[in-house]
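K.L.:
For reference, the structure I am asking about is given below.
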Amino acid sequence: MPPQSAASAATRSTADSTPQGPALIRLPAYPLPVNPEPGSYALHPRSQALALKLAREQGLDPEWTVSVLSQARFIEQVQKLNMPASNPGSKNWQAYRARFIEPIRLRAGAQFVKEHEATLQKAEARWGVPVDIIAGVIGVETIYGRYTGNMRVLDVLTTLSLDFPTGRSDRSPFFQNELGQFLRLCAEQHFDPMTVQGSFAGAIGLPQFMPSSIRAYAVDFDGDGVIDLRNSPADAIGSVANYLARHGWQRGMPTHYLVAPPTDLDQRQTLLGPDIKPTFSSEEMARLGAVLDEPGKRHSGKLALVLLHNGANEPTYLAGTDNFYSITRYNQSSYYALAVIELGRVLSLNAKARNN
């Protein structure tokens, strides 16, 4: 059979025999490549099976889904960029902080906050997430939209779905789900899957949301009827605030407090055991030898003793609240969370200094 006929027959057979799933979105298929070039997923032995699986799961037109994946191309660089660093070196909070609290990002951040001040304040009023935290996230992620990625998301997610790099724990099921979510997103929002660009992991837009996060947490904050994290700063601002609120952000709660860790190593290890998950009351931390600052002693919720290494120097400790933890749901790193907090704090201090 010619390629088009073979795909049509397979998709008709699958569509006729599968149980009822999500409401089917019917879309016109893309032409299948007649003479696919090397690297085209039209030639991959598992591409069509994956396309049909995703079509069933996401309620997509099977023929359209097969045709979209046939346009995807393998990107070797994506494999390389998704491998862990061969020599990661020692963790160093001060060095990590310096990557984000620097002149280019601070200038871009000041301009972003100035241009979108009303939208940022509107988001804070609605979700309770402060302006400086929202600005910190977008600044850390993409320098306020300057670097959102230039790889075609379709190629990235298909590469990581069907050719996940060997040498590390296989995450291809995760990326297969993201590929399905991406295709559903394109169908719902009328995006052309051939043109959407993002990072080497498939993250999209100013806040670098994965497709599943866009579908679950992104909002149309500019009211134009489309959720567009690539071109709408308002949608990006609202989506970051909504994401953090949905992950436990509590209005008015600090992100962390100053703390001196226990001198007893066993007690210190007990407090560090749960990592960044708030587990201990301020009283429990005190009984285990931690010395909180005065605001921390009055904190009514749970806290976590958070350790940040500084290379060969003394580490930094802080007592993280549920709000600190909510930032780590965006990126599961205490270094990331504190960089977001610090960038927002410095932007706020600089703005106040300019206004005085």
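If you count the sequence shown from 1, you need to add 2 to reach the working numbering. For each residue, glycine too, the CB sits at the ideal point set by N, CA and C.
Considering Cα atoms alone, identify which of L162, S201, G147 is closest to S234.
P.N.:
The shortest Cα separation from S234 among L162, S201, G147 belongs to G147.
K.L.:
Within this structure, are the beta carbons of E344 and R99 separated by less than 8 Å?
P.N.:
Closer than 8 Å, so yes.
K.L.:
Evaluate the contact criterion for the region 208 to 221 versus the region 229 to 245: three or more CB pairs, one atom per stretch, below 8 Å.
P.N.:
Yes, since at least three Cβ pairs between the region 208 to 221 and the region 229 to 245 fall closer than 8 Å, the two stretches touch.
K.L.:
Could you check which residue in L187, Y245, T323, R331 has the C-alpha nearest to that of V261?
P.N.:
Nearest C-alpha to V261: T323.
K.L.:
Mind reading off the beta-carbon distance from V228 to T161? Whole number of angstroms is fine, and I expect it under 8 Å.
P.N.:
With 8 Å as the limit, V228 and T161 do not qualify as a contact, their Cβ atoms being about 27 Å apart.
K.L.:
What would DSSP say about G313, mapped onto helix, strand or coil?
P.N.:
Here G313 sits in coil by DSSP.
K.L.:
Which value, in whole angstroms, describes the spacing of the CA atoms of S19 and L62?
P.N.:
Confidence at S19 is low in this model, with a pLDDT of 38, below 50, so the placement of that residue should be treated as unreliable; the coordinate-derived value is given next. Taking the straight line from one Cα to the other gives about 15 Å.
K.L.:
Who are T318's beta bridge partners in DSSP?
P.N.:
BP columns for T318 point to L310.
K.L.:
Using a threshold of 8 Å, state whether the C-beta atoms of Q73 and L185 are closer than that.
P.N.:
No, these two residues do not count as a Cβ contact at 8 Å.
K.L.:
Based on the DSSP secondary-structure assignment, which residues constitute the bridge partners of G200?
P.N.:
DSSP lists M153 as partners of G200.
K.L.:
Can we count R101 as close to the ligand ADP, meaning its CB is less than 7 Å from some heavy atom?
P.N.:
Absence of the ligand ADP is noted for the structure shown, with no ligands found whatsoever.
K.L.:
When you compare the region 267 to 275 with the region 330 to 347, are there three or more beta-carbon pairs, one atom per stretch, that lie closer than 8 Å?
P.N.:
Not touching, per the Cβ criterion.
K.L.:
Under a Cβ-count criterion, where at least 16 other Cβ atoms within 10 Å of its own Cβ denotes burial, should G313 be classed as buried or exposed?
P.N.:
Exposed.
K.L.:
So A44 and L34 are in contact, right, with Cβ under 8 Å, and what is the actual spacing, rounded?
P.N.:
Contact holds; Cβ gap of about 6 Å.
K.L.:
Indicate whether V139 and G204 have their beta-carbon atoms separated by less than 8 Å.
P.N.:
Result no, Cβ atoms of V139 and G204 do not sit closer than 8 Å.
K.L.:
Is the number of C-beta pairs between the region 123 to 139 and the region 91 to 98 that are closer than 8 Å three or more?
P.N.:
No, because fewer than three Cβ pairs between the region 123 to 139 and the region 91 to 98 fall closer than 8 Å, the two stretches do not touch.
K.L.:
Does DSSP put V80 in a helix, a strand or coil?
P.N.:
The answer is helix: DSSP assigns V80 an H, G or I state.
K.L.:
Within the region 207 to 233, note down every full alpha helix (DSSP H) run reaching 4 residues or more, in order along the chain.
P.N.:
Those alpha helix (DSSP H) runs which fall completely within the region 207 to 233 and span 4+ residues are 213 to 219.
K.L.:
Buried or exposed for R109, please, with buried defined as at least 16 other CB atoms from any protein chain shown within 10 angstroms of its CB.
P.N.:
With fewer than 16 Cβ atoms within 10 Å of its Cβ, R109 is classed as exposed.
K.L.:
Tell me the start and end of each unbroken alpha helix (DSSP H) in the region 55 to 116 that is at least 4 residues and wholly inside, in chain order.
P.N.:
If we require 4 residues or more, the alpha helix (DSSP H) runs fully inside the region 55 to 116 come out as 64 to 72, 78 to 83, 95 to 102.
K.L.:
Here's the rule: buried if 16 or more other CB atoms are within 10 angstroms of the residue's CB, otherwise exposed. What is S7?
P.N.:
Since pLDDT at S7 reaches only 35, below the 50 mark, its modelled position is unreliable, and the value read off the structure follows with that caveat. Result: exposed.
K.L.:
Evaluate A97 with the Cβ neighbour count: other Cβ atoms within 10 Å of its Cβ, from every protein chain shown; 16 or more gives buried, anything less gives exposed.
P.N.:
A97 should be labelled exposed.
K.L.:
Measuring only the C-alpha atoms, how far is Q183 from Q191?
P.N.:
In a straight line, the C-alpha of Q183 is about 12 Å away from that of Q191.
K.L.:
Quick check on this structure: which residue in V70, T330, P64 has the alpha carbon closest to the alpha carbon of V198?
P.N.:
Per the Cα distances, V70.
K.L.:
T13: buried (16+ other C-beta within 10 angstroms of its C-beta) or exposed?
P.N.:
Confidence in T13 is poor, its pLDDT being 43 and thus under 50, which makes the residue's placement too unreliable to answer from.
K.L.:
With burial defined as no fewer than 16 other Cβ atoms inside 10 Å of the residue's Cβ, what is the status of I106: buried or exposed?
P.N.:
Answer is exposed; the Cβ neighbour count stays below 16.
K.L.:
Roughly how many angstroms lie between the CA atoms of G151 and E78, to the nearest whole one?
P.N.:
Each residue's Cα considered, the two are about 16 Å apart.
K.L.:
Would Y265 and G298 qualify as a contact pair, given that the criterion is a beta-carbon distance under 8 Å?
P.N.:
One detail in the question is off: residue 265 reads as Thr in this sequence, not Tyr. Not in contact: T265 and G298 (Cβ atoms no closer than 8 Å).
K.L.:
Could you name the residues that DSSP lists as bridge partners for I343?
P.N.:
The partner list for I343 (beta bridge, DSSP) is empty, contrary to what the question assumes.
K.L.:
Along the chain, where does the beta strand (DSSP E) containing Y332 start, and where does it finish?
P.N.:
From DSSP, Y332 is part of no beta strand (DSSP E); its letter is neither H nor E.
K.L.:
Give a yes or no on whether the C-beta atoms belonging to A220 and T121 are separated by under 8 Å.
P.N.:
Against a cut-off of 8 Å, the Cβ pair of T121 and A220 comes out as no contact.
K.L.:
For V131, report the span of its beta strand (DSSP E) as first-last.
P.N.:
Looking at the DSSP string, V131 is not in any beta strand (DSSP E), and its letter there is neither H nor E.
K.L.:
Please name the residue, chosen from P30, T257, E286, Y259, that lies closest to R270 on a Cα-to-Cα basis.
P.N.:
Answer by Cα proximity: E286.
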